[in-house]
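**Q** First residue of the sequence shown? That's 1043 in this note's numbering, and the numbers climb one at a time after it.
Ideal placement from N, C-alpha and C gives every residue a C-beta, glycine not left out.
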Amino acid sequence: MRTAMRNWLIGVGLVTGLYLLGPVIYFNRVYPFILGMPAILFWYALVPVLTPIILGVVYLLDPVQHFKGDD
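(1) Taking Cβ positions, are residue 1084 and residue 1077 nearer each other than 9 Å?
(2) What residue range is occupied by the uninterrupted alpha helix (DSSP H) comprising residue 1049?
(3) Going by beta-carbon coordinates alone, are residue 1080 and residue 1072 separated by less than 9 Å?
(4) Give every residue of the same chain whose Cβ lies closer than 8 Å to the Cβ of residue 1061, excluding the five residues on either side of it in the sequence, and list them in chain order.
(5) Between the Cα of residue 1065 and the Cα atoms of 1087, 1096, 1046, 1103, which residue gives the shortest distance?
(6) Is residue 1101 near the ligand NAD, in the sense that its beta carbon is under 8 Å from a heavy atom of that ligand?
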């Protein structure tokens, strides 16, 4: 149980770090504009839209999820 919690916390830390700190290093410029926004603003607007889509795909691909309804 401890290893599962530790792995979960490491995963959350990595995802949060990649979301917040990764783009700052790469996109911290005014130019280029993407859809009329600076690149970092576009990134922070795009990620909340992509997150539920990615989580939905992961949910559909999860093999445990498919066996819950089969009684």
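**A** Quick look at the numbers:
(1) Yes, the Cβ-Cβ distance between residue 1084 and residue 1077 is below 9 Å.
(2) It spans 1044–1062 - the alpha helix (DSSP H) in which residue 1049 sits, taken as one unbroken run.
(3) Taking 9 Å as the Cβ cut-off, residue 1080 and residue 1072 qualify as a contacting pair.
(4) Closer than 8 Å at the Cβ level, and outside the excluded window around residue 1061, lie 1089.
(5) The residue with the shortest Cα to Cα distance from residue 1065 is 1087.
(6) With respect to the ligand NAD, the structure shown offers nothing to examine, as it has no ligands at all.
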